[in-house]
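*Asks:*
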Amino acid sequence: MSEPLVPPQVDLRDFAFMPLDVSRLRVSAIVDSISGEEFRAAILLWCASWHQVPAGSLPDDPRQLSKFAGYGRVVAEWEKVAEGALYGWVKCSDGRWYHPVIAEKAIEAWEKKSEYTERSAARTERAKAAAEAKWGEREPTAAQTRSQRLAEARERGKHTNEEWQVLLALFDNACVRCSASDKVVKDHITPIYQGGSDAIENLQPLCPSCNSSKGPDRTDHRSKAFPNWRESFDKEMSLRAPAETPAKRGEMPAARLLKGTGTGNRPDKETLRIAAREPRDRVPDDIEIWARNLVPGDQPVSVVADVTPIRALLREPGITQPDVEAGIAAFLAKSRKRAMNWDDFERWIRTAAKERIAGTPRARPGARGELPAAIRAPDPEKIRRGLFILACEHFRGRWSDGWSNMTRPGHPDCTTPEDIIEEARLAVELERNTDLQRAERQYAYAS
Ligand SMILES: [Zn+2]
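Residues in the sequence shown are numbered from 1 upward in steps of one, following the numbering used here.
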């Protein structure tokens, strides 16, 4: 008698489906060898055997076989078909019936199941290991919530919101790992669960996706994204520090002193100096209009019409709006040449910023103190002219993506007055016709 065809542990009771080798069955001798009634009983036995343990076996018990084959307790009826229904089954040494084909399918299914179980066990193991690496030795307990851990981290070091804002600005509000500009989150480089602090030294902006896939990675991506970031950061913070941490230095916030509240003392020279250094909003909302007013009407507008370079400059730590005003004014006052390109401006703006930071502005018109009146007060006529020029560029088909949609005729966000748009449209039409006439004239001369 042969050994059981299926190992005893093969249990497929959670397998609802049994594979049926259709091409094999169709050419099988069983089809011609047994009656329809026997065949029906045979099929029911195959199905029953699939959920026996071991799978693919049947007990050698007429009462049970009768039930499996659909005859219930009427064992006598079962016994009439038993021989045909058990066609192909072999009795093995454990006293059970085995069908070689079903046994084969059962073992295949069992192997797949074990493989899957091993894989998912390995997955669970890996996930556990990763969690341990991230959260430390201990599993996080309900008692030790995130906020408690954060409180511990803060004891090791704190950061101010301003520090975080400056850091964000340094990295353009983008993820330092992949540069995505999704809504970035604070990432603790050394996780707070592993003793990392909440100080700015341990924080980097990451996009939610980089943050969630970080795992045990403790890489400080900041220096990769911006090698001298620390230097720029410190410089920027030192500009803000006196107003931000008055208690440390025994000073009142400069702004409050200037408003006459606080100690009631009149602000001294030093306080005024600090107040003057307080940075304004880096990139103004009305940057387009502001930029256009930096340059008199007879200068090529294109230098300030595309505000992208100004925007970039204002995002650099240490360069403020007054620096841009001062630099451009100084250039225009000093230079006889027309401002033809942005580089001329940029050099002077940087100089103005350096001098302001060093506290040693040279006596030069516009560098510090008095700005030319044209620059300080927005001139409505100049604004209209700027809008007109931009509208013309639109109708000429020379629109630049760097320009604000608020100034683009036909755009839903456009705020340029209708009369200016109409004027620009007519002007460009005239321009085209003139060009056409000129071209025709030329053609006439040529021929
Ligand atoms: Zn990222």
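Where a beta carbon is used, it is the ideal one built from N, C-alpha and C, also for glycine.
Remember, it's a predicted structure, so these values are computed and weren't measured experimentally.
By DSSP, does LEU58 sit in helix, in strand, or in coil?
*Replies:* Strand at LEU58.
*Asks:* Any heavy atom of ligand 1 within a distance shorter than 7 Å of the CB on SER212?
*Replies:* no
*Asks:* Going by CA-CA distance only, name the one from ARG13, GLU201, GLN165 and LYS183 that's closest to THR190.
*Replies:* GLU201
*Asks:* Tell me the start and end of each unbroken alpha helix (DSSP H) in the segment 372 to 445 that is at least 4 residues and wholly inside, in chain order.
*Replies:* 373 to 376 and 380 to 395
*Asks:* I'd like to know if the segment 112 to 131 and the segment 172 to 192 are in contact, where contact means that at least 3 CB-CB pairs between them fall below 8 Å.
*Replies:* no
*Asks:* Decide if the segment 40 to 51 is in contact with the segment 11 to 26; the criterion is three or more beta carbon pairs, one per stretch, under 8 Å apart.
*Replies:* yes
*Asks:* Quick one: Cα of PRO19 to Cα of ALA76, how far?
*Replies:* 31 Å
*Asks:* Once DSSP output is grouped into helix, strand and coil, what is the label at ALA247?
*Replies:* Note on ALA247: pLDDT 41, under 50, position unreliable in the model; the coordinate value appears next. DSSP places ALA247 in helix when its eight states are reduced to three.
*Asks:* What does the alpha-carbon distance come out to for the pair PRO380 and CYS207?
*Replies:* For PRO380 and CYS207, the gap between their C-alpha atoms comes out near 43 Å.
*Asks:* Relative to the alpha-carbon of ASP94, which residue among LEU426, PRO8, LYS382 and PRO309 has its alpha-carbon at the smallest distance?
*Replies:* PRO8
*Asks:* Can the beta-carbon of LEU58 be found closer than 8 Å to that of TRP89?
*Replies:* yes
*Asks:* Less than 8 Å separating the beta-carbons of ILE328 and VAL295?
*Replies:* ILE328 places its beta carbon less than 8 Å from that of VAL295.
*Asks:* When DSSP labels each residue in this structure, what does LYS224 get in the three-state scheme?
*Replies:* helix
*Asks:* Which of helix, strand or coil does DSSP assign to TYR71?
*Replies:* coil
*Asks:* Quick one: does the C-beta of ALA109 sit closer than 7 Å to a heavy atom of ligand 3?
*Replies:* With respect to small molecules bound, the structure shown includes ligand 1 and not ligand 3.
*Asks:* Identify which residue in ALA225, ARG222, SER181 and PHE226 has its Cα closest to the Cα of SER209.
*Replies:* SER181
*Asks:* Going by DSSP, what residues sit across from VAL90 in a beta bridge?
*Replies:* TYR98
*Asks:* For the 8 Å Cβ check, are there 3 or more pairs between the segment 171 to 179 and the segment 192 to 200?
*Replies:* The segment 171 to 179 makes no contact with the segment 192 to 200: fewer than 3 CB pairs, one atom from each, lie closer than 8 Å.
*Asks:* Consider the C-beta atom of ARG177 and the heavy atoms of ligand 1; say whether any pair is separated by less than 7 Å.
*Replies:* Yes; taking the cut-off as 7 Å, the Cβ of ARG177 has a heavy atom of ligand 1 nearer than that.
*Asks:* When the distance is taken between beta carbons, is PRO317 closer than 8 Å to VAL166?
*Replies:* Yes, the Cβ-Cβ distance between VAL166 and PRO317 is below 8 Å.
*Asks:* Is it the case that the Cβ atoms of VAL81 and GLU37 are separated by a distance below 8 Å?
*Replies:* Going by C-beta atoms, VAL81 is nearer than 8 Å to GLU37.
*Asks:* Is ALA180 near ligand 1 - that is, is its Cβ less than 7 Å away from at least one heavy atom of it?
*Replies:* yes
*Asks:* Any idea what DSSP makes of ASP187, helix, strand or coil?
*Replies:* strand
*Asks:* Thinking just about the alpha-carbon of each residue, which of PRO216, ALA427, ALA199 and LEU168 is nearest to the one in ALA225?
*Replies:* LEU168
*Asks:* In whole angstroms, give me the CA-to-CA distance for PHE388 and ARG149.
*Replies:* 58 Å
*Asks:* ALA22: buried (16+ other C-beta within 10 angstroms of its C-beta) or exposed?
*Replies:* For clarity, residue 22 is Val in the given sequence; the question names Ala instead. Classification for VAL22: exposed.
*Asks:* Per DSSP, GLN204 is paired with what?
*Replies:* ASP187
*Asks:* Between ARG384, ASP413 and HIS394, which lies nearest to LEU290 when the distance is taken from Cα to Cα?
*Replies:* In the sequence under discussion, the amino acid at residue 290 is Trp, which differs from the Leu named in the question. Residue ARG384 is the option with its Cα nearest to TRP290.
*Asks:* Using C-beta distances below 8 Å, list every residue in its chain close to ALA353, excluding the 5 sequence neighbours before and after it, in chain order.
*Replies:* GLY318, ILE319, THR320, ASP323 and GLY327
*Asks:* For the alpha helix (DSSP H) holding GLU37, just list the boundary residues, first then last.
*Replies:* 36 to 50
*Asks:* Output the distance between the C-alpha atoms of SER114 and ILE102, rounded to the nearest integer angstrom.
*Replies:* Here the alpha carbons of ILE102 and SER114 stand approximately 18 Å from one another.
*Asks:* Any idea which residues DSSP pairs SER2 with across the strands?
*Replies:* CYS92
*Asks:* Am I right that LEU25 and CYS92 are in contact with their C-beta atoms under 8 Å? What's the rounded C-beta distance?
*Replies:* A Cβ-Cβ separation of about 23 Å leaves LEU25 out of contact with CYS92 under the 8 Å criterion.
*Asks:* For the candidate residues GLU162, ALA358 and GLU288, whose alpha-carbon lies nearest to that of ARG240?
*Replies:* ARG240 has its Cα closest to that of GLU162, out of GLU162, ALA358 and GLU288.
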